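Peer 1: Sharing a structure here in structure tokens format.
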Amino acid sequence: MLSVKNIRCSYGNIEVLKGISLKVEEGQIVALIGANGAGKTTTLKAISGILPITSGSITINNVDISREKPYNMVKHRMSQVPEGRQVFPELSVLDNLLLGGYAIKDKKCVNDRIDNMLEFFPRLRERAKQHAGTLSGGEQQMLAIARALVSDPKLLLMDEPSMGLSPKLVGEVFDIIVDLKNQGITILLVEQNAHMALNIADYAYVIQTGEIVISGTGHDMSANDEVRKAYLSE
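Each residue of the sequence shown is one higher than the one before, starting from 1 at the first, in UniProt numbering.
Rendered as structure tokens:
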């Protein structure tokens, strides 16, 4: 479904991605793990067009999206849940969800999808008229996921969905991720909680200073001594 081949990206004169290659097959959860500053979020920004690549290629379903604008990514059935949730705090939960359907002209379709999201996330239905900024961290994360799903993506990019959440809420969010996979959504997951990520991942990559250094199935990576020592606190 998604193929990233030898991409490079720079911030000014500093190269931050140094030939990243990875694949995400349809129906998989693929995890990208690594330390702070390793290039995880930058990789997602490159895939979604937020940060231009200087070389390499990115394709989705064999269509080259290497130079696509971020706002056009929904045409390729791709959506992103950004790091830090980035909900619009002064807008209501419902208005945040409506923004998720900005590219869809059929208003009934948007409303139907929002209704589906409120069924999937009943806590959001209870708070539909509240300002998003008044929600708890876990509820804001649910809203960010629901907003991304309104566009009906086949590929979902998720950036640090467990950040700042209590252990109980982290478990809930990861249960949601597995539910989404079971509904047929393919997921590229960037996550610092390596233990949780590898537990649900079909495949995983470790990124270090802008380069992929290890890859394998989630199970194999969990058993890899180097990964365990560096990322699983063992």
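The beta carbon of each residue, even a glycine, is placed where N, CA and C say it ideally should be. It should be emphasised that the depicted structure is a prediction, and the values quoted were computed from it without experimental measurement.
Under the rule that 16 or more other beta-carbon atoms within 10 Å means buried, what is LYS40, buried or exposed?
Peer 2: On the sequence shown, residue 40 is found 40 positions in, with the first residue counted as 1. So LYS40 counts as buried.
Peer 1: Looking at the secondary structure, which residues open and close the alpha helix (DSSP H) in which ILE20 lies?
Peer 2: Sequence index remark: in the sequence shown, residue 20 carries index 20 (1-based). Unbroken run through ILE20 is the beta strand (DSSP E), 14 to 24; no alpha helix (DSSP H).
Peer 1: From which residue to which residue does the beta strand (DSSP E) around SER136 run?
Peer 2: As a first step, residue 136 must be located in the sequence shown, where it is residue number 136. SER136 -> no beta strand (DSSP E), and no H or E assigned at all.
Peer 1: With a CB to CB cut of under 6 Å and the five nearest residues on each side skipped, what residues in its chain are close to ASN6?
Peer 2: Along the sequence shown, read from residue 1 onward, the residue named residue 6 stands at position 6. These residues qualify, in order along the chain: GLY19, SER21 and GLY56.
Peer 1: Look at LYS229 and ILE185 and say whether their C-beta atoms are less than 8 Å apart.
Peer 2: The residue you call residue 229 lines up with position 229 of the sequence shown. The residue you call residue 185 lines up with position 185 of the sequence shown. Contact: no.
Peer 1: Please check the pair GLY100 and PRO70, which I expect to be a contact at CB under 8 Å, by giving their CB distance rounded to whole angstroms.
Peer 2: For the purposes of this step, residue 100 is taken as residue 100 along the sequence shown, with counting starting at 1. For the purposes of this step, residue 70 is taken as residue 70 along the sequence shown, with counting starting at 1. Incorrect: roughly 14 Å between the Cβ atoms, too far for contact.
Peer 1: Going residue by residue through the stretch 34 to 84, where are the continuous alpha helix (DSSP H) segments of at least 4 residues, counting only ones entirely within it?
Peer 2: Within the stretch 34 to 84, the complete alpha helix (DSSP H) runs of at least 4 residues are 40 to 47.
Peer 1: Between LEU169, VAL213, PHE120 and ASP220, which has its C-alpha nearest GLN183's C-alpha?
Peer 2: Locating residue 183 in the sequence shown gives position 183, counting from the first residue. The residue with the shortest Cα to Cα distance from GLN183 is PHE120.
Peer 1: For ASP95, which option in MET142, GLN130 and LEU157 has the closest C-alpha, if you only look at C-alpha atoms?
Peer 2: Position 95 of the sequence shown, counting from 1, holds the residue named residue 95. Checked all of MET142, GLN130 and LEU157; the closest Cα to ASP95 is GLN130.
Peer 1: Do LEU2 and ILE207 come within 8 Å of each other at the CB atom, strictly closer than that value?
Peer 2: Here the question's residue 207 lines up with position 207 in the sequence shown. Here the question's residue 2 lines up with position 2 in the sequence shown. Cβ atoms of ILE207 and LEU2: not closer than 8 Å.
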